[in-house]
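There are 2 protein chains.
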Amino acid sequence: MSSDSGSAIQKRFGENLRSIRKSKGLSQETLALICGLDRTYIGGVERGERNISLVNIVKIAQSLGVEAKDFF
Amino acid sequence: MSSDSGSAIQKRFGENLRSIRKSKGLSQETLALICGLDRTYIGGVERGERNISLVNIVKIAQSLGVEAKDFF
């Protein structure tokens, strides 16, 4: 089966998140405050360093006013 | 901010996964074998008991021949 590596998956997701966050004019700090997550956590996800969980994916999407599927 | 609870998020995701898996005619056992994950793990995700990670979401989607966004 051909499949992406975990790090490639995380990197692509992080790039999509960063792009959507910037399109909303929000800093990592502001997004982190809205989500109730740490800014360094948001930064780590955007850099593809973290394997974010389902619940945090949806919480960040709701904080940005988008659908979780928009990250994929 | 209005937002779904973690358990509601997990339950909705699990229902979508189960529906897509069944539409492909796959058992939990077969899907687990293709993904390299445990059948009890797949079952737990489908029942909304587990907060699945990004990498496993994408790996399960690839194993089912769908896009990760189809689960949302």
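Protein chains in written order, with this note's numbering: chain Y, 4 to 75; chain R, 4 to 75.
For glycine and all other residues, C-beta sits at the position ideal for the given N, C-alpha and C.
Output the distance between the C-alpha atoms of R/Glu18 and R/Gly51, rounded to the nearest integer angstrom. 8 Å
Roughly how many angstroms separate the alpha carbons of R/Glu78 and R/Leu67, rounded to a whole number? Outside the shown range of chain R (4 to 75) lies residue 78 of chain R, about which nothing can therefore be said.
Within 8 Å of chain Y by C-beta, residues of the stretch 32 to 59 of chain R in sequence order: Ile37, Asn54, Ile55, Ser56, Leu57 and Val58
Can you tell me where the alpha helix (DSSP H) holding R/Phe16 begins and where it ends? Gly9 to Ser26
So, for R/Val69: in the same chain, excluding its five sequence neighbours on each side, which residues have a beta-carbon less than 7 Å away from its beta-carbon? Ile23
Answer yes or no: does any C-beta atom of chain Y fall closer than 8 Å to that of R/Glu18? no
Can you tell which of R/Ala71, R/Arg53, R/Ser26 and R/Gln65 has its C-alpha closest to the C-alpha of R/Ser10? R/Arg53
Could you tell me the alpha carbon to alpha carbon distance between Y/Leu29 and R/Phe74, rounded to whole angstroms? 27 Å
Y/Ala56: buried (16+ other C-beta within 10 angstroms of its C-beta) or exposed? Looking at the sequence provided, one finds Ser at residue 56 of chain Y rather than Ala. Y/Ser56 comes out buried.
If I measure Cβ to Cβ from Y/Ala64 and keep anything under 8 Å in the same chain, skipping five residues before and after, which residues do I get? Glu70, Ala71, Asp73 and Phe74
So is Y/Lys25 in contact with chain R if we call contact Cβ pairs under 8 Å? no
Have a look at Y/Ile45 and Y/Ala35 and give me their C-alpha separation to the nearest angstrom. 7 Å
Please tell me whether, using a cut-off of 7 Å, the distance from the CB of R/Phe16 to the nearest non-hydrogen atom of the ligand ADP is below it. As presented, the structure is devoid of all ligands, the ligand ADP included, so that no description of it is given.
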